[in-house]
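Protein sequences, first through last, are from chains A and B. Here the numbering used here is used: position 179 in the first sequence is 179, and no number is missing along the way. For any residue, its number in the numbering used here is found by taking its place in the second sequence, counting from 1, and adding 201. Beta carbons: idealized from backbone N, C-alpha and C, even for Gly. Nothing here was measured: the structure is a model prediction, and the numbers come from that model. For reference, the structure discussed in these notes is given below.
Number of protein chains: 2
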Amino acid sequence: MPDATTERPYHHGNLRTALLDAAERSLREHGADRLALRDLAREIGVSHAAPRRHFPDRQALLDALAEAGFARLDAVLRSALAGADDDFAARVRAAAVVYARFATENAALLELMYTSKHRAGATRIVAAAEAPMRLLAEVITEGQAQGALEPGDPERIGIILFATLQGIASLVNGNFVPPDRLDGLVETAVEQFLRGARPAS
Amino acid sequence: MPDATTERPYHHGNLRTALLDAAERSLREHGADRLALRDLAREIGVSHAAPRRHFPDRQALLDALAEAGFARLDAVLRSALAGADDDFAARVRAAAVVYARFATENAALLELMYTSKHRAGATRIVAAAEAPMRLLAEVITEGQAQGALEPGDPERIGIILFATLQGIASLVNGNFVPPDRLDGLVETAVEQFLRGARPAS
DNA sequence: CCTACTATGTTGCTCATGACAACATTTGCC
DNA sequence: GGCAAATGTTGTCATGAGCAACATAGTAGG
């Protein structure tokens, strides 16, 4: 019987979600290294072993966070593109700005997302990453159709754009470049990209 | 008195270096997460508390590894550039290829190097990173002098090149892109960079 | 030489965490 | 209603980080 005052039913209801939420906050505040399952359990008010019912081990939770991160990134990008002009340059700019913002506002999460190395079972993460990458590739394809871009494998070109943005964000997140230079760098990168990948006149 | 057979003098001689070496191997084999000071101590044959005399805590060791990593990267880049042609495009290509190789052959180390977030005292790492960045900027400056590049802050342009390469390596290291595409991507990225940053004709 | 003094290692703790097992309570389905 | 699967709980173990007190080895003056 639940205690009327503390209101703690035996079953939490949706511990999994609560864990992911708490984990994301912890990630943001303290980084992945200091994220402890037991902390989350305490914070939520369940026993220290409860998380195990939803995530076999710590890494599984981190993987789930990364996976969700890519989904969110995809959503954010899609939303930005939906609101953007039809002009190819404008669309690339919009995507780039949004990506950069997402990447710097969720630095620790980004790290998690791209740090799948050394785990065999990162298949889900890689799959989740395909959505935003395909999205970029689609934008590229549009650009090629508009004649703004040289022909060629759109995926390859998209990957390079993706990589450039990720690299810039990574340099900012690592304090190698002051944050106030972010926008300028992204802008220059996009300009160069547009110039470098346009058809030979 | 040292035991003649086990040959273990009370003082190791240069534990610090031994620790860094062992740490780098462990990093390469198991990743930063599973790097344990006690493991290193065991492997080297000293007591579990010995590392503390050289690194106040685990993070300090990781920081030292990252710092050394940037030094090595700088050396590798310098060496590649020293052996490269005077031609600007050739120099950029050489640097890019070497960077990409270093980054993918030392994936876990690279991660450490760029993951200084969330630590206040990462000053040394950031400082160490300046060497290779300056090097890139110098190459850019040369290119501008040769007229192969548009004028403008060489640092900014160098950062973008740097970021692009880092991003590509990161995507490969994270298994988001198959390793055999690395060379092609780097090449394309360099071509686009050279086209995108050259002076408006 | 011999005596501090400092650097470097060692032993022995404490504490936290992840992982696991055995048990308890719900929930839902037949 | 009753049984099986979910979901939580308590208890335990192994491991590692960090700290303190102690031991040993170089080293620098006197």
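- Boundaries of the alpha helix (DSSP H) around A:R91: 88–105.
- Taking 8 Å as the CB threshold, B:I360 lines the interface with chain A.
- With fewer than three CB-CB distances shorter than 8 Å, the segment 144–152 of chain A does not count as touching the segment 356–376 of chain B.
- The C-alpha of B:R292 is placed about 29 Å away from the C-alpha of A:I140.
- At a cut-off of 8 Å between C-beta atoms, A:A64 does not count as an interface residue with respect to chain B.
- In the structure shown, A:A128 falls within a helical segment according to DSSP collapsed to helix, strand and coil.
- Residues of the same chain with a CB within less than 6 Å of the CB of B:G270, apart from the 5 flanking positions on each side, are L310, M314 in chain order.
- If you check each beta-carbon in the segment 302–316 of chain B against every beta-carbon of chain A, the ones closer than 9 Å belong to A308, A309, E312, M314, Y315, T316.
- Between B:R399 and A:L185, the C-beta gap is not smaller than 8 Å, which leaves the two residues out of contact.
- Taking a cut-off of 8 Å on C-beta distances, the segment 56–70 of chain A does not touch the segment 79–95 of chain A, as fewer than three cross pairs fall below it.
- Annotation for A:F176: no residue places its beta carbon closer than 6 Å to its own, counting only its chain and skipping 5 residues before and after.
- B:T365 places its beta carbon less than 8 Å from that of A:T164.
- Not one beta carbon of chain B lies nearer than 8 Å to the beta carbon of A:A137.
- Taking 7 Å as the cut-off between beta carbons, the residues of the segment 11–39 of chain A near chain B are G31, in sequence order.
- B:F256 and B:L221 have their C-alpha atoms spaced approximately 10 Å apart.
- Taking a 10 Å sphere around the C-beta of B:S248, we find fewer than 16 other C-beta atoms and assign the residue as exposed.
- At a cut-off of 8 Å between beta carbons, B:V293 makes no contact with chain A.
- By a beta-carbon distance limit of 8 Å, B:A242 does not contact B:A233. Their separation comes to about 17 Å.
- With distances taken between CA atoms, A:A75 lies nearest to A:P132 out of A:P132, A:L27, A:R28.
- In chain A, no part has a C-beta under 9 Å from the C-beta of B:T342; the shortest such distance is about 16 Å.
- A:E150 carries a coil assignment under DSSP once its states are collapsed to helix, strand and coil.
- The CB of B:V299 never comes closer than 7 Å to any CB in chain A; the least such distance is about 16 Å.
- Residues of the segment 181–198 of chain A whose Cβ lies closer than 9 Å to any Cβ of chain B, in chain order: R181, G184, L185, T188, A189, E191, Q192, F193, L194, R195, G196, A197, R198.
- Chain order gives no chain A residues near B:A349, where near means a beta carbon separation below 9 Å; the closest approach is about 13 Å.
- Interface with chain A (8 Å Cβ-Cβ cutoff): B:A290 is excluded.
- For B:G270, the enclosing alpha helix (DSSP H) begins and ends at 259–283.
- Near chain A, meaning a CB-to-CB distance below 8 Å, no residue of the segment 241–265 of chain B qualifies.
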